[in-house]
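Just so we're aligned: the sequence shown equals residues 152 to 525 in the working numbering.
For glycine and all other residues, C-beta sits at the position ideal for the given N, C-alpha and C.
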Amino acid sequence: MIPLVDLKRQYALIKDEIKQTVDQTIDSMQFINGPQIKAFEAEFARLSGAQHGVGASSGTTALQLALKALDIGPGDEVITVPNTFIATTEAITHSGARVIFADVDERTYNIDPAAVEAAITPKTKAVIGVHLYGQPCDIMAVTAVADRHGLKVIFDSAQAHLAEFGGEPIGRYGDVICYSFYPGKNLGAYGDGGIALTNDEELGRKMFMLADHGRLDKYEHLMEGFNFRLSEVQAAILNVKLKYLPEWTRSRQQCAARYDKMLTELSITPPYRDERCTHVYHLYVIRVPNRDAVKSYLNERGIGAGVHYPICLHLQQAYAHFGHKPGDFPVAERCASEILSLPMFPELTPDDQLTVISTLKEALAACGGSAQHV
Ligand SMILES: Cc1ncc(COP(=O)(O)O)c(C=O)c1O
C-alpha cells in the first residue's frame with residue numbers, strides 16, 4: 152500500500168516536538184493572535200522572500216483577503232485558469248467579481264500569458280496565476296501583461312511552498328502571494344491554515360485588519376472585515392514543521408529525480424521543468440493513455456494515484472451558469488483527461504517508487520497503449 156500522501160510517516164518523525172508545542176501553547180492560554188502566529192508569519196515570509204505575512208484560516212480565505220484588500224468586487228473581472236482547485240475561483244466570486252478563464256500552457260499546465268492578454272476587457276482588474284503542482288507559472292510574462300494593462304497580480308501558491316523563479320523565492324513576485332497549509336500540502340497544518348504574503352506594507356496592514364474584523368483595537372473597527380485568523384495552535388504546529396520544510400522540499404526533489412529516471416526507462420516523458428524555476432513537487436504529474444483505466448489498475452493494487460483535477464472548472468456544474476461548453480479551453484481539457492499524479496511525499500523511499508513504477512508498467516500493458524509523449 153503506497154498512498155498518494157502519507158502524513159503518518161512524517162508525524163512519526165516529529166511527534167514529540169508537536170506534542171510538546173501543542174501542550175505549551177494550550178498552557179499559555181493565548182489562543183488568538185499570539186506569539187506563535189507572529190513568529191510564523193515573520194519566518195514564513197522571510198523564507199519565501201516577502202516582507203510581510205498575514206496568517207489566515209485557510210488558503211481560500213488568504214485569497215479572499217487578497218482580493219478584498221485590492222478593492223476587487225462587483226463589476227470587476229479577474230482572470231485565472233480552469234485547471235485549479237475550486238477555491239481559486241470561489242474567492243473571486245465571493246468577492247463579487249466575475250471569473251474569466253484563460254487557457255494554460257500544454258507543458259507546464261500553468262497559465263498561458265498570451266491567453267491572459269486575450270481575455271482582458273475594460274473590466275479586468277486582476278489576474279490570479281496558480282503555481283500548479285509546485286512549479287511557478289511564468290511570473291515574468293504574467294507580470295509584464297498585467298503591468299501593460301494596469302492589473303493587480305495575485306499568485307495562488309497553495310502548492311508551491313519554497314518554490315523559486317529565476318533563483319529568487321516566489322514571495323518576491325506579485326501584489327499578494329497566497330498559500331494553503333491544508334494538511335496534505337508541502338507545509339501542512341493539523342487542520343486548516345493559510346497565509347497571504349506581500350511586499351507592500353500598506354496592503355499587509357489592510358489584510359491583517361480585514362482578517363480580524365477590520366480592527367484597530369479590541370472594539371474599534373476601521374472597516375468591516377472577517378474572522379479569517381490563523382489559529383495559534385496551528386501556528387505552533389507550523390513553526391515546528393517549518394524548520395523541516397527545506398529538507399522535506401529537497402527530499403521531494405530527489406524523489407522526483409528518481410521518478411524521472413525510472414520513467415524514461417518506461418518511455419514516459421517526465422514532467423516538464425521550466426529551467427527558470429525551482430519545482431517543489433507538491434504533485435508529480437505524468438500523462439498516460441487510457442488514464443482512467445490505468446488509475447483504477449493502480450488503485451486496485453494499493454497505489455494511491457490521483458488526478459488533479461479531473462473536471463475543469465468551466466465544465467463543473469457549480470459554474471454551469473457561466474455558459475461554457477467542452478472545447479472552450481482545449482489545452483486544459485486535454486490535460487485533464489490524460490494527467491495522473493503518482494505518490495509523492497518526502498518520506499517516499501526508492502523501494503516504494505520501484506513498486507509504483509513496476510505496477511505502472513503492468514498497468515500500461517494491461518490497459519493498452521504505450522506511454523504518450525507530450
Ligand atoms: C491551488 C489551490 N488553491 C487554493 C487552495 C485552497 O486552500 P485551502 O484548502 O487551505 O483553503 C488549494 C488547496 O486546497 C489549492 O490547491
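Residue i and residue j closer than 9 angstroms at C-beta
{"i": "ILE490", "j": "VAL445", "result": "no"}
{"i": "ILE508", "j": "ARG380", "result": "no"}
{"i": "ILE321", "j": "ILE279", "result": "no"}
{"i": "ILE388", "j": "ALA340", "result": "yes"}
{"i": "ASP343", "j": "THR239", "result": "no"}
{"i": "TYR330", "j": "HIS312", "result": "yes"}
{"i": "ALA253", "j": "ALA242", "result": "no"}
{"i": "GLU383", "j": "GLN171", "result": "no"}
{"i": "ALA514", "j": "TYR448", "result": "yes"}
{"i": "LEU164", "j": "PHE496", "result": "no"}
{"i": "THR400", "j": "ARG452", "result": "no"}
{"i": "TYR337", "j": "GLU194", "result": "One detail in the question is off: residue 337 reads as Asn in this sequence, not Tyr. Not in contact: ASN337 and GLU194 (Cβ atoms no closer than 9 angstroms)."}
Coarse secondary structure for residue i, derived from DSSP in three states
{"i": "GLY457", "result": "strand"}
{"i": "TYR410", "result": "helix"}
{"i": "GLY474", "result": "coil"}
{"i": "SER382", "result": "coil"}
{"i": "VAL525", "result": "Unreliable placement is indicated for VAL525, whose pLDDT of 37 sits below 50; the coordinate value is still reported in the next sentence. Here VAL525 sits in coil by DSSP."}
{"i": "ILE462", "result": "coil"}
{"i": "ASP256", "result": "coil"}
{"i": "PHE195", "result": "helix"}
{"i": "LEU572", "result": "Residue numbering for the chain in the displayed model covers 152 to 525; residue 572 lies beyond these limits and cannot be assessed."}
{"i": "GLU319", "result": "strand"}
{"i": "HIS203", "result": "strand"}
{"i": "PHE306", "result": "strand"}
{"i": "ALA190", "result": "helix"}
{"i": "ARG452", "result": "coil"}
{"i": "THR415", "result": "helix"}
{"i": "ILE165", "result": "helix"}
{"i": "VAL267", "result": "helix"}
{"i": "THR231", "result": "strand"}
{"i": "LYS446", "result": "helix"}
{"i": "ILE279", "result": "strand"}
{"i": "HIS245", "result": "helix"}
{"i": "VAL482", "result": "helix"}
{"i": "ILE262", "result": "strand"}
{"i": "VAL156", "result": "coil"}
{"i": "ILE251", "result": "strand"}
{"i": "LEU338", "result": "coil"}
{"i": "ASP289", "result": "coil"}
{"i": "PHE182", "result": "coil"}
{"i": "LYS512", "result": "helix"}
{"i": "ASN390", "result": "helix"}
Reference residue i, options the options, closest by Cα
{"i": "ILE237", "options": "PHE480, LYS392, LEU214", "result": "LEU214"}
{"i": "LEU276", "options": "TRP399, ILE251, LEU499", "result": "The identity of residue 276 in the sequence shown is Lys, whereas the question assumes Leu. Nearest option by C-alpha distance: ILE251."}
{"i": "TYR435", "options": "PHE332, GLN310, ARG356, GLY519", "result": "GLN310"}
{"i": "THR211", "options": "THR244, GLU416, ALA201", "result": "THR244"}
{"i": "HIS430", "options": "PHE316, ARG409, ASP363", "result": "PHE316"}
{"i": "LYS412", "options": "GLN504, GLY200, ASP174", "result": "GLN504"}
{"i": "ARG485", "options": "ILE454, THR510, GLU498, ASN441", "result": "ASN441"}
{"i": "LYS303", "options": "ILE223, ASP157, ILE169, GLU513", "result": "ILE223"}
{"i": "ILE290", "options": "ILE262, LYS274, HIS300", "result": "ILE262"}
{"i": "ASN551", "options": "ALA196, LEU164, CYS518", "result": "The shown model of the chain, from 152 to 525, leaves out residue 551, and the question about it has no answer."}
{"i": "LEU155", "options": "LYS274, ARG323, ARG403, GLY325", "result": "ARG403"}
{"i": "ALA295", "options": "PRO273, GLY318, TYR324, GLN286", "result": "TYR324"}
{"i": "LEU216", "options": "THR259, PRO287, GLY345, THR500", "result": "GLY345"}
{"i": "ASP256", "options": "VAL482, ASP502, SER492", "result": "VAL482"}
{"i": "GLU228", "options": "HIS364, ARG249, ARG438, PHE332", "result": "ARG249"}
Burial state of residue i, where buried means 16 or more other Cβ atoms lie within 10 Å
{"i": "SER246", "result": "buried"}
{"i": "ALA347", "result": "buried"}
{"i": "GLU352", "result": "exposed"}
{"i": "GLN385", "result": "buried"}
{"i": "SER209", "result": "buried"}
{"i": "HIS465", "result": "buried"}
{"i": "LYS369", "result": "exposed"}
{"i": "TYR460", "result": "buried"}
{"i": "LEU414", "result": "buried"}
{"i": "GLY206", "result": "buried"}
{"i": "GLY335", "result": "exposed"}
{"i": "PRO264", "result": "buried"}
{"i": "TYR410", "result": "buried"}
{"i": "ASN378", "result": "exposed"}
Residues that DSSP places opposite residue i in a beta bridge
{"i": "ILE437", "result": "LEU491"}
{"i": "SER331", "result": "GLY345"}
{"i": "GLY226", "result": "Note: GLY226 sits in no beta bridge, so no partner."}
{"i": "HIS372", "result": "ARG366"}
{"i": "VAL173", "result": "According to DSSP, which records beta bridges pairwise, VAL173 is partnered with nothing at all."}
{"i": "CYS428", "result": "PHE316"}
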